[in-house]
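Just so we're on the same page, the working numbering is the position in the sequence shown counted from 1, plus 79. Every residue gets a Cβ at the ideal spot worked out from N, C-alpha and C, and that includes glycine. As structure tokens, the structure follows; a few thoughts come after it.
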Amino acid sequence: MKKIAIIGDSKTFHSYLLKIFKLTGVEAEFFTKYAVKNEKQYDYVIFESTSNIKDILINGSYCLINMDLINFKNNNNINIYGNLITYGLGGKNTVTVSSMEDNNSFVYCLQRDVNHNALGIIEPEEIPVNMTFGNDQELYAAMVGITISLIEGKDISFLSKGKKLTVLS
């Protein structure tokens, strides 16, 4: 069971991430920004937003930061420890997407090497994903879910098969 801290308020992001994990077989225990403890070691820390966060120290094996939504200038003291993975729609992020087609498919792009659970390295790659998403929060959750699934060594090949995958409740 992976311990995942989510810093942010989006219920849409959290529920879609749960659905992605259910599909890929990642078992996780979630902690929200209200339940995060500074002294605790997490497997993954996801910065989906930094609104209303003033002082925080997070220790995670992997820290995923949404660079489209984060504004570090307005925060007093955020200390992040762990393997840093940035995600968002910008081309300089570790994880981004391209070729989005009407909320029905996209290409998941891993731009740089990522450590793979001390077993090795996941090399940069592009994975066509045939999955519906309703809004940006669901797209971001898909990016994070796929990234964590890859790090955990899960088979995600079914995401790029010909049949469109609809993430259900």
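If you drop the 5 nearest sequence neighbours on each side, which residues of the same chain put their C-beta closer than 7 Å to that of Ser248?
-> For the purposes of this step, residue 248 is taken as residue 169 along the sequence shown, with counting starting at 1. The pLDDT assigned to Ser248 is 45, lower than 50, so where the model puts this residue is not dependable; a value taken from the coordinates is nonetheless given after this. So no residue of the chain qualifies.
How is the beta strand (DSSP E) around Leu189 delimited, first residue to last?
-> Position 110 of the sequence shown, counting from 1, holds the residue named residue 189. Boundaries of the beta strand (DSSP E) around Leu189: Ser184 to Leu189.
When the distance is taken between beta carbons, is Phe92 closer than 7 Å to Ala220?
-> In the sequence shown, counting from the first residue as 1, residue 220 sits at position 141. In the sequence shown, counting from the first residue as 1, residue 92 sits at position 13. Contact flag set, yes.
Helix, strand or coil for Val176, going by three-state DSSP, please let me know.
-> Sequence index remark: in the sequence shown, residue 176 carries index 97 (1-based). Three-state DSSP puts Val176 in a strand.
Euclidean distance between Cα positions of Leu163 and Asp181 | Walking along the sequence shown from the start, residue 163 turns up at place 84. Walking along the sequence shown from the start, residue 181 turns up at place 102. Spanning the two alpha carbons is a distance of roughly 30 Å.
Burial state of Met210 (16 or more Cβ within 10 Å) | The count along the sequence shown starts at 1 and reaches residue 210 at position 131. Buried, by the Cβ-count rule.
Indicate whether the contact test is met: 3 or more Cβ pairs, each with one atom in the stretch 96–113 and one in the stretch 220–238, closer than 8 Å.
-> yes
Tyr123 beta carbon less than 7 Å from that of Asn145 | In the sequence shown, counting from the first residue as 1, residue 145 sits at position 66. In the sequence shown, counting from the first residue as 1, residue 123 sits at position 44. In this structure, Tyr123 does not lie closer than 7 Å to Asn145 by Cβ.
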